[in-house]
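To start, the structure itself, in structure tokens.
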Amino acid sequence: MDEVKAKIKEIAANIEKLGASITTEEATKNAFIMPFIRALGYDVFNPLEVMPEYTQDIGTKQGERIDYAIFQNNEPVLLVECKKIGAELNAKNESQLLRYFNVSRAKFAILTNGRDYKFYTDLEEKNIMDTTPFLSFDITKIKDTQVLELEKFHKKNFDLENIFNTANNLKYTNQLEKVVSAELENPSREFASYFFRKISDQVATEKRVEQIMPLLKAVFAGRINDMVRDRLTSALDKETKKEAEPLPPQEDENKVITTQEELDAFYIVRAILAAVTNVENITYRDAQSYFAIFFNDNNRKPICRLYFTDNKKQIGIMDSEKNETRFQLDRIEDIYAYSEKLCEVAKFYASQN
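Counting in this note's numbering, the sequence shown runs from 507 upward without gaps.
Dropping the structure here:
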């Protein structure tokens with residue numbers, strides 16, 4: 507996965523860098539889509555592998571062309587329809603791709619604007635392209651799980667039957683994720699009504715259902731926070747166990763002493779930020795008056811400061827303007843309550859890289 511992931515990351519970086527200056531479909535293909543096809547192991551300059559402007563006769567229309575057809579064993583296996591970057595991938599575009607797909611021997615099709623990718627096949631009716639993609643992503647935000655699915659389209663891995671078998675699960679998984687996310691964010695009446703009937707023998711009237719909708723949302727949010735906290739605590743425990751011996755106190759000319767409690771708090775912050783960045787990006791430097799935590803060991807990118815004394819504990823969290831807001835801690839585990847604020851500043855610094 508590392509090779510494909512590295513190439514995809516490079517394309518994503520180029521989109522962020524050059525995307526605003528690209529104004530045509532042809533430029534989009536040259537700058538972003540051809541490199542994407544190359545990332546899948548195909549030679550874009552070999553027409554036996556990648557045929558640009560692939561011609562299809564569609565009904566009474568002769569010589570209709572699709573932007574690219576990718577071949578395996580002299581047979582088209584993947585069609586690629588391109589739009590300029592920023593263009594909406596709408597029903598009209600999908601309809602155009604559907605016409606190509608339905609008269610082609612290819613089993614898979616991609617609709618893309620260089621940034622957004624939608625993968626289609628014929629799960630619902632043979633030789634008729636589905637209207638719902640089984641895989642879709644923004645290449646600048648692609649997840650590792652999506653890279654793994656993308657790897658199946660690599661020239662050296664391509665197995666039509668294997669991809670088709672997993673496409674069905676992917677399609678429903680993606681749809682379920684969207685439905686579940688929407689219900690967790692804003693429970694529908696139908697969803698709330700289901701839970702009301704689980705907890706009460708009363709009739710699920712509209713008034714009663716509306717009454718529990720905000721409660722249901724709060725319960726889900728709390729449960730998710732508990733699950734995240736449990737996982738972070740587990741990660742912290744594993745990290746702590748790896749420490750064979752306590753780290754020796756760090757001293758300089760001012761006799762700065764790094765306490766175990768400060769290190770434990772640092773590992774909590776690190777575990778929290780693992781959700782948004784590589785933990786190796788989170789570093790610390792101790793000083794006489796506070797313990798500072800930075801992004802990429804850069805003192806111009808402070809995330810927070812720990813003010814621990816015998817009498818009190820405080821955490822000072824920075825914002826994007828490097829303004830510090832301090833919060834009182836009764837115990838170091840209270841840092842978890844500020845996970846969102848810590849993640850916000852880390853994501854801000856990560857976006858500047």
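Built from N, CA and C at the ideal position, the CB exists for glycine as well. What you are looking at is a predicted structure, and each value in this text was computed from that prediction instead of being measured.
Buried versus exposed, by CB contacts within 10 Å (16 or more), residue i
i, result
"Glu-757", "Residue confidence for Glu-757 is low, a pLDDT of 46 falling below 50, so the modelled location carries little weight; the figure read from the coordinates is stated next. When all chains shown are included, Glu-757 counts as exposed."
"Glu-751", "Residue placement at Glu-751 is poorly supported in this model, since its pLDDT is 48, which falls under 50; the coordinates still yield a value, given next. The residue in question, Glu-751, is exposed, as its Cβ has fewer than 16 Cβ neighbours within 10 Å."
"Pro-754", "Low local confidence applies: a pLDDT of 48 at Pro-754 is under 50, so the model's placement there is unreliable, with the coordinate-based value given in what follows. Exposed."
"Gln-652", "buried"
"Lys-640", "Here residue 640 turns out to be Phe, not Lys, going by the sequence shown. By the neighbour-count rule (16 or more Cβ atoms within 10 Å), Phe-640 is buried."
"Phe-664", "buried"
"Met-733", "exposed"
"Thr-566", "Residue placement at Thr-566 cannot be trusted, given a pLDDT of 49 that sits under 50; what the coordinates show is reported in the next sentence. So Thr-566 counts as exposed."
"Ser-706", "exposed"
"Pro-582", "buried"
"Ala-519", "exposed"
"Ser-610", "buried"
"Glu-683", "exposed"
"Glu-768", "buried"
"Val-709", "exposed"
"Glu-759", "Interpretation of Glu-759 is limited by its pLDDT of 46, a score under 50 that renders its predicted location unreliable; the figure taken from the coordinates is listed afterwards. Counting Cβ neighbours within 10 Å, Glu-759 comes out exposed, since fewer than 16 surround it."
"Ile-517", "buried"
"Thr-561", "exposed"
"Phe-702", "buried"
"Lys-613", "buried"
"Asp-792", "buried"
"Val-715", "buried"
"Phe-551", "exposed"
Anticipated Cβ contact below 8 Å, residue i with residue j, distance rounded
i, j, result
"Leu-524", "Ala-537", "6 Å"
"Ile-616", "Ile-528", "Wrong, their Cβ atoms sit about 19 Å apart, outside the cutoff."
"Lys-661", "Tyr-548", "5 Å"
"Glu-587", "Ile-572", "6 Å"
"Leu-585", "Ala-597", "That belief does not hold up - the Cβ atoms of Leu-585 and Ala-597 are roughly 18 Å apart, past 8 Å."
"Met-635", "Leu-603", "7 Å"
"Phe-797", "Leu-812", "4 Å"
"Leu-848", "Ile-809", "6 Å"
"Thr-646", "Ile-539", "Thr-646 to Ile-539, Cβ: 14 Å. No contact."
"Glu-691", "Phe-697", "Contact doesn't hold; Cβ gap of about 11 Å is too wide."
When the options are compared against residue i, the one with the closest alpha-carbon
i, options, result
"Ala-512", "Arg-611, Leu-654, Glu-587", "Leu-654"
"Phe-607", "Thr-679, Asn-520, Lys-704, Leu-629", "Leu-629"
"Ile-838", "Phe-726, Val-775, Ile-517", "Val-775"
"Pro-720", "Arg-735, Ser-706, Ser-694, Asn-731", "Ser-694"
"Thr-637", "Glu-600, Gln-794, Asn-668", "Glu-600"
"Asn-829", "Val-851, Tyr-796, Glu-570", "Val-851"
"Gly-620", "Leu-835, Ile-634, Ser-642, Leu-604", "Ser-642"
"Lys-807", "Phe-797, Glu-827, Gln-820, Lys-818", "Glu-827"
"Asp-803", "Ile-788, Val-782, Thr-815, Asp-816", "Ile-788"
"Lys-624", "Glu-631, Asn-580, Lys-677", "Lys-677"
"Tyr-790", "Ala-533, Arg-714, Phe-772", "Phe-772"
"Lys-589", "Asp-622, Asn-784, Leu-848", "Asp-622"
"Arg-735", "Ile-669, Tyr-842, Lys-853, Gln-794", "Tyr-842"
"Glu-531", "Asn-580, Ile-543, Ala-593", "Ala-593"
"Asn-784", "Phe-697, Ala-793, Ala-533, Phe-801", "Phe-801"
"Ile-669", "Ile-648, Thr-627, Glu-631", "Thr-627"
"Ile-648", "Lys-853, Ile-514, Phe-833", "Ile-514"
"Ile-823", "Thr-815, Glu-846, Thr-765, Thr-679", "Glu-846"
"Asp-840", "Asp-770, Phe-854, Gln-858", "Asp-770"
Span of the beta strand (DSSP E), counted from its first residue to its last, around residue i
i, result
"Gln-820", "819-824"
"Gln-834", "830-835"
"Ile-809", "804-814"
"Asp-508", "Looking at the DSSP string, Asp-508 is not in any beta strand (DSSP E); the run it does join, the alpha helix (DSSP H), is 508-524."
"Ala-798", "797-801"
"Thr-789", "788-792"
Residue span of the alpha helix (DSSP H) that contains residue i, given as start and end
i, result
"Leu-682", "666-691"
"Gln-858", "Where Gln-858 is concerned, there is no enclosing alpha helix (DSSP H), given that its DSSP letter is neither H nor E."
"Glu-655", "650-657"
"Asp-840", "Taken as a continuous stretch (DSSP letters only), Asp-840 belongs to no alpha helix (DSSP H), as it is neither H nor E."
"Arg-703", "695-705"
"Ile-774", "766-779"
"Glu-531", "531-534"
Residue i CB to nearest heavy atom of the ligand PLP below 7 Å
i, result
"Phe-800", "Judged by which ligands are present, the structure shown has none, so any question about the ligand PLP falls away."
Whole runs of the beta strand (DSSP E) within the region 614-646, excluding any shorter than 3 residues
The beta strand (DSSP E) runs of length 3 or more contained entirely in the region 614-646 are, from start to end of the chain, 614-618, 622-626, 641-644.
If we require 3 or more residues per run, which beta strand (DSSP E) segments fall completely within the region 541-601?
Secondary structure in the region 541-601: the beta strand (DSSP E) runs of 3 residues or longer, each lying completely within the stretch, are 556-564, 567-578, 581-588 in chain order.
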